[in-house]
DNA sequence: ACTGTATCTTAACGCTGTCAAGACTCAAAA
DNA sequence: TTTTGAGTCTTGACAGCGTTAAGATACAGT
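Chains as they are written, first to last, in my numbering: chain V, 1 to 201; chain G, 202 to 402.
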């Protein structure tokens with residue numbers, strides 16, 4: 001009974017998510033269809049509907065994984081006392097851009113309109129994404145307080161604007177509007193400089 | 202013969218562009234299909250193919266119009282000597298965000314991956330978009346020179362990073378990740394502040 | 001008047017997400 | 001041990017999409 005597939009897959013939910021991630025990485029968002037996904041997993045076109053309400057729910061689940069990975073990146077990229085603020089900011093900017101460039105479809109899914117505007121995001125995804133943003137905001141607040149304990153800035157707005165800059169850079173990179181190759185290090189450097197001046201008031 | 206449509210529309214190219222823009226405004230990018238467009242104009246599903254190579258070419262034409270409008274906005278928003286740099290920057294940021302928010306689908310088309318990554322942009326669109334960016338870069342260079350004639354910055358990188366910030370803000374607004382309403386003025390203010398500090402070194 | 005070209009139409013293909021109805025499997029209740 | 005019911009998966013179907021091929025119509029230039 002090793003060659004024959006059982007009628008019940010047994011672990012279809014996880015298999016679907018994993019294969020979807022693979023297809024996403026290889027062919028982008030447009031290349032991911034439920035039919036192709038079913039075939040890749042060795043299951044019928046509509047089998048996924050017994051584990052996800054619809055395609056949107058599957059995309060939301062993938063995006064949510066992405067936010068967990070983003071949280072992981074932010075948690076592991078802390079400002080150690082031995083490095084300068086400038087170096088740390090550069091590292092953070094480079095790390096964020098790499099996160100987007102190494103998994104473009106995942107980043108697109110996490111922040112793109114496919115989920116957030118065209119369809120309704122899962123409430124689970126909404127809370128996860130919100131947590132990411134809140135964590136980022138706390139980190140910004142920390143930085144501000146360390147630099148200048150009497151700063152006047154609104155941490156929420158600082159987070160909004162600075163994240164928007166990072167996000168804009170990523171979008172221009174991913175959408176092929178800026179060159180993706182050697183420009184990137186220069187642009188990262190410049191973005192870190194901008195952030196640094198901004199945080200120092 | 203006023204009630205009966207002639208076999209030859211006579212002005213189909215313009216009519217298609219205009220109606221496509223209307224649908225885009227009303228229903229977004231996903232709501233625009235060639236079949237629906239044909240019906241709206243009173244013509245068959247495939248009539249558009251005699252005026253555009255394919256759907257991508259039509260989208261590119263619409264996006265190109267958008268870049269002309271963006272150029273118009275930039276040209277008319279100049280820094281007059283009687284206003285402060287801060288006021289001017291705020292005006293520019295607000296104007297740019299309004300440009301995106303008032304015509305979200307058009308902005309999405311101009312900068313989104315639908316054209317730039319998923320398909321191949323028309324060479325005509327490419328040059329028009331490139332002109333927009335070059336003009337923006339020149340304006341930045343002007344500002345830098347006015348503020349400090351001995352500045353050390355690379356205008357191209359300044360343009361890349363600052364435009365990325367504006368673009369990121371727009372995307373977050375349009376994709377419904379940031380609140381679109383009263384936050385906007387605060388965020389605009391903060392973005393202008395950030396830009397100002399950055400340009401002043 | 002004729003001919004060719006530009007314009008427009010209908011038919012069809014393969015793709016998509018999704019729903020409805022049926023088939024299979026398995027665990028728990030009787 | 002048999003029955004029942006829920007969980008899982010499949011096939012069939014529908015409407016919509018972009019696009020191509022082949023044919024119909026109108027008009028401009030010879």
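Even glycine gets a Cβ: it sits at the ideal position worked out from N, Cα and C.
All values derive from a computational prediction rather than experimental measurement.
In this structure, the beta-carbon distance from residue 136 (chain V) to residue 116 (chain V) does not fall below 8 Å.
Three or more beta-carbon pairs separated by less than 8 Å link the stretch 213-222 of chain G to the stretch 241-256 of chain G, which places the two stretches in contact. Neighbours of residue 169 (chain V) across chain G, judged by C-beta separation under 9 Å: 361, 362, 365, 366, 368, 369. Three or more beta-carbon pairs separated by less than 8 Å are not found between the stretch 152-161 of chain V and the stretch 350-361 of chain G, which leaves the two stretches without contact. The residue from G:260, G:390, G:333, G:282 with its alpha-carbon nearest to that of residue 270 (chain G) is G:333. In the assembly as shown, residue 108 (chain V) is a buried residue. Its beta-carbon has 16 or more other beta-carbons within 10 Å. Relative to the Cα of residue 340 (chain G), the nearest Cα in the group G:215, G:275, G:246 belongs to G:275. Annotated as distal: residue 283 (chain G) and residue 329 (chain G), with beta-carbon spacing of 8 Å or more. Residues of the same chain with a CB within less than 6 Å of the CB of residue 216 (chain G), apart from the 5 flanking positions on each side, are 242 in chain order. Between the beta-carbon of residue 119 (chain V) and that of residue 362 (chain G) there is about 32 Å, and that puts the pair past the 8 Å contact cut. Under the three-state reduction of DSSP output, residue 232 (chain G) falls in the helix class. Residue contact with chain V for residue 280 (chain G): absent (no Cβ-Cβ distance below 8 Å to any residue of chain V).
Collapsing the DSSP output to three states places residue 41 (chain V) in a helix. Your pair residue 85 (chain V) and residue 196 (chain V) checks out as a contact, with CB atoms roughly 6 Å apart and the cut at 8 Å.
No Cβ of chain V is located within less than 8 Å of the beta carbon of residue 348 (chain G). The continuous alpha helix (DSSP H) containing residue 126 (chain V) extends over residues 123-147. Close CB contacts of residue 67 (chain V) within its chain, under the 7 Å cut and outside five residues either way in sequence, are with 110, 128, 129, 132 (chain order). Using a CB distance below 8 Å, the part of the stretch 112-125 of chain V facing chain G consists of 112, 113, 116, 117, 118, ordered along the chain.
Under the 10 Å beta carbon count, residue 26 (chain V) is surrounded by fewer than 16 other beta carbons and is classified as exposed.
DSSP places residue 212 (chain G) in the coil class of the three-state scheme, outside both helix and strand. Counted as a single uninterrupted DSSP element, the alpha helix (DSSP H) harbouring residue 87 (chain V) occupies residues 85-102. Where residue 392 (chain G) is concerned, the enclosing alpha helix (DSSP H) starts and stops at 384-400. In terms of CA proximity to residue 113 (chain V), G:375 leads the group G:261, G:375, G:292. Here the alpha carbon of residue 199 (chain V) sits roughly 19 Å from the alpha carbon of residue 169 (chain V).
Within the same chain, Cβ atoms closer than 6 Å to the Cβ of residue 257 (chain G) are found at 320, the five residues on either side in sequence being excluded.
Taking each of G:280, G:327, G:368 in turn and checking the Cα distance to residue 292 (chain G), the smallest one comes out for G:280. Residue state for residue 377 (chain G) is assigned as coil, using DSSP reduced to three classes. Residues of the same chain with a CB within less than 7 Å of the CB of residue 141 (chain V), apart from the 5 flanking positions on each side, are 155 in chain order. With a 10 Å radius around the Cβ and a threshold of 16 neighbouring Cβ atoms, residue 53 (chain V) comes out exposed.
Look at residue 51 (chain V) here: in three-state DSSP terms it is coil, with no helix or strand label.
Look at residue 224 (chain G): its C-beta is not under 8 Å from any C-beta on chain V.
At least one beta carbon of chain V lies nearer than 8 Å to the beta carbon of residue 358 (chain G). A check of alpha carbon separations from residue 8 (chain V) across V:149, V:48, V:29 identifies V:48 as the nearest. By the neighbour-count criterion, in which a residue is buried when 16 or more other Cβ atoms sit within 10 angstroms of its Cβ, residue 106 (chain V) is buried.
Note on geometry: alpha-carbon atoms of residue 97 (chain V) and residue 263 (chain G) lie some 30 Å from one another.
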